[in-house]
Amino acid sequence: MPPPGNNGKNLILIRHDITVTVPQVAKQCTSVTFPSDEATDVPLIPEITWANVPGACGYKVSLGTNPDADNFLDGEDIGKVLSYTPEVPLQSSTTYHLRIIPYFEDEEQENCPVTSFSTGDGAEPPECTTLLSPVPGSTDVPVSTLLEWNSVNGADGYYLQAGTTPGGNDILSETDLTEGTMTSFEFPEALPENTEIFIRITPYNEEGEAEGCTEISFTTEILLTAPPCTTVNMPQNGDTEVGINTDISWNSIAEAEGYYVSIGTTSGGMDFVNRQQVSGNVFTLPQPLEEHTTYYVSVIPYNEEGEAEGCTEISFTTETLLTAPPCTT
Numbered sequence: 000m001p002p003p004g005n006n007g008k009n010l011i012l013i014r015h016d017i018t019v020t021v022p023q024v025a026k027q028c029t030s031v032t033f034p035s036d037e038a039t040d041v042p043l044i045p046e047i048t049w050a051n052v053p054g055a056c057g058y059k060v061s062l063g064t065n066p067d068a069d070n071f072l073d074g075e076d077i078g079k080v081l082s083y084t085p086e087v088p089l090q091s092s093t094t095y096h097l098r099i100i101p102y103f104e105d106e107e108q109e110n111c112p113v114t115s116f117s118t119g120d121g122a123e124p125p126e127c128t129t130l131l132s133p134v135p136g137s138t139d140v141p142v143s144t145l146l147e148w149n150s151v152n153g154a155d156g157y158y159l160q161a162g163t164t165p166g167g168n169d170i171l172s173e174t175d176l177t178e179g180t181m182t183s184f185e186f187p188e189a190l191p192e193n194t195e196i197f198i199r200i201t202p203y204n205e206e207g208e209a210e211g212c213t214e215i216s217f218t219t220e221i222l223l224t225a226p227p228c229t230t231v232n233m234p235q236n237g238d239t240e241v242g243i244n245t246d247i248s249w250n251s252i253a254e255a256e257g258y259y260v261s262i263g264t265t266s267g268g269m270d271f272v273n274r275q276q277v278s279g280n281v282f283t284l285p286q287p288l289e290e291h292t293t294y295y296v297s298v299i300p301y302n303e304e305g306e307a308e309g310c311t312e313i314s315f316t317t318e319t320l321l322t323a324p325p326c327t328t
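In C-alpha cells form, the structure reads like this:
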C-alpha cells in the first residue's frame, strides 16, 4: 500500500554516496617582517611582526643575545597574533637573535630559521622641560626676574626665546644655552613693566629637539615711582588770622604711603614740626601756634620708591589774640 501523503503514488528513493576530499594545509614556518634579518639601529622596544601561516593555531617566540635565541625569551606562547613587543627595553647596541615557531593542532613546525638584528644606541631627543620660576600665568613678576626650569635627562642644551607676543622674539631671539646642566637664565636687561612676556624653552641633544614644548607666559610688575606733590588746602597759602589751634590738611595722593609734615617760622624751617610722618591727610598740631606769627608748612608725599620732589611750601599768619583792655582814666 502506498505511504500516505503522496496521492497514492509509489516513491522511488535513490542514494548517491559523495566523498569530499579536504586538501591538507601545508605546514610551514613564518617569515619575520620586522625587524628584517640583519637590520641595524632597531628601537630598544621594537614591535616584532611576522607573516600569517594558514592553519597555525598560534606562535611561539624565542629571543636572545645567544645563537640559540633563548636567553631573553624562550619559546613564549603568545597565541594567534602576528606581533610581539617586549615588555622591557632591549640592550642598546646589541645583536639579538630571533626565532618564531608556528604551532598547529598536533605539533610545532620544526627547523624554523633564526634571524638577527642589532639595536641602536637608544639615544632619543629629550623631553620638554617645565618652567619653575616665574610660575606660568603669574602676575606682578619683577622686571629683573631670573628664569629657572627643570633639568632634562639627556639634554645637551636648551634653546631659549622670549617676546611680548606669542611666538615673538623681540626680547630675546632664539639663544643656544649649550651647557646641558644650565637651568637658569638672567636677562641682560630689565623686562618691560606691566607686560605679558612669552617664553619658550626647548631642550635638545644630538638626536634632535624636544617636540611639542608649550610656550608659557607671565606678566611683569608695574614699577613703583615716587608720588607727586600734594596741595595744602587748610590753611591756604597766604591766609591771615589763622587760629593758633588750626589743623593742617591736604589733598590725598593715591601713590603715597604717607606724608612728611614740616612747620617752621622761617622758609624751609622745621623749628615747630620736623618731618613728622603722617599716614592720613590731616595733621593735628602738638601744641598751639604762636599768635601773630607767620608759619611755613611743607607736606611731602612718600612711598617705597622715594619722596615727591619740588613740592612748594605754603605760609600763613596766625591770629592776634584778644586781651582784656587796659584801665581807663
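Under numbering that gives the first Met the number 0, think of the first position of the sequence shown as 0, with each following residue one higher.
For glycine and all other residues, C-beta sits at the position ideal for the given N, C-alpha and C.
Please classify residue i as buried or exposed, where buried requires at least 16 neighbouring CB atoms within 10 angstroms.
i: G211; result: exposed
i: A25; result: exposed
i: A307; result: buried
i: A253; result: exposed
i: L222; result: exposed
i: K59; result: buried
i: F33; result: exposed
i: S91; result: exposed
i: R274; result: exposed
i: S266; result: exposed
i: T245; result: buried
i: L288; result: buried
The beta strand (DSSP E) that contains residue i, what's its start and end?
i: L72; result: 72-78
i: G57; result: 57-63
i: Q276; result: 272-277
i: S30; result: Where S30 is concerned, there is no enclosing beta strand (DSSP E), given that its DSSP letter is neither H nor E.
i: A38; result: 38-41
i: V296; result: 293-302
i: T283; result: 281-283
i: E147; result: 145-148
i: G343; result: Nothing about residue 343 can be reported from this structure: the residues present for the chain run from 0 to 328 only.
i: S183; result: 183-185
i: S330; result: Given a span of 0 to 328 for the chain in the structure shown, any question on residue 330 remains unanswerable.
i: T177; result: Segment: none, T177 is in no beta strand (DSSP E) and carries neither H nor E.
i: I47; result: 47-49
i: L159; result: 156-162
Measure the C-alpha to C-alpha separation of residue i and residue j and round it to an integer number of angstroms.
i: S29; j: A55; result: Correcting the residue type first, residue 29 is Thr in the shown sequence and not Ser. One C-alpha to the other measures close to 10 Å.
i: E256; j: E290; result: 33 Å
i: I196; j: D155; result: 26 Å
i: S183; j: L159; result: 10 Å
i: N302; j: C326; result: 58 Å
i: D67; j: E214; result: 51 Å
i: E173; j: G153; result: 20 Å
i: A161; j: F271; result: 56 Å
i: S248; j: P226; result: 18 Å
i: T229; j: P324; result: 43 Å
i: G119; j: E185; result: 38 Å
i: Y294; j: P191; result: 45 Å
i: Y102; j: S35; result: 22 Å
i: T311; j: G263; result: 14 Å
Can you confirm whether the stretch 38-52 touches the stretch 132-139 when touching is taken to mean that 3 or more C-beta pairs between the two stretches lie within less than 8 Å? no
Any contact of the stretch 115-129 with the stretch 206-222, i.e. 3+ C-beta pairs under 8 Å? yes
Every unbroken beta strand (DSSP E) inside the stretch 203-263 [3 residues or more]: 215-218, 231-233, 246-249, 257-263
Which runs of the beta strand (DSSP E) fall wholly inside the stretch 74-142 and span at least 3 residues, in chain order? 94-102, 114-118, 130-132
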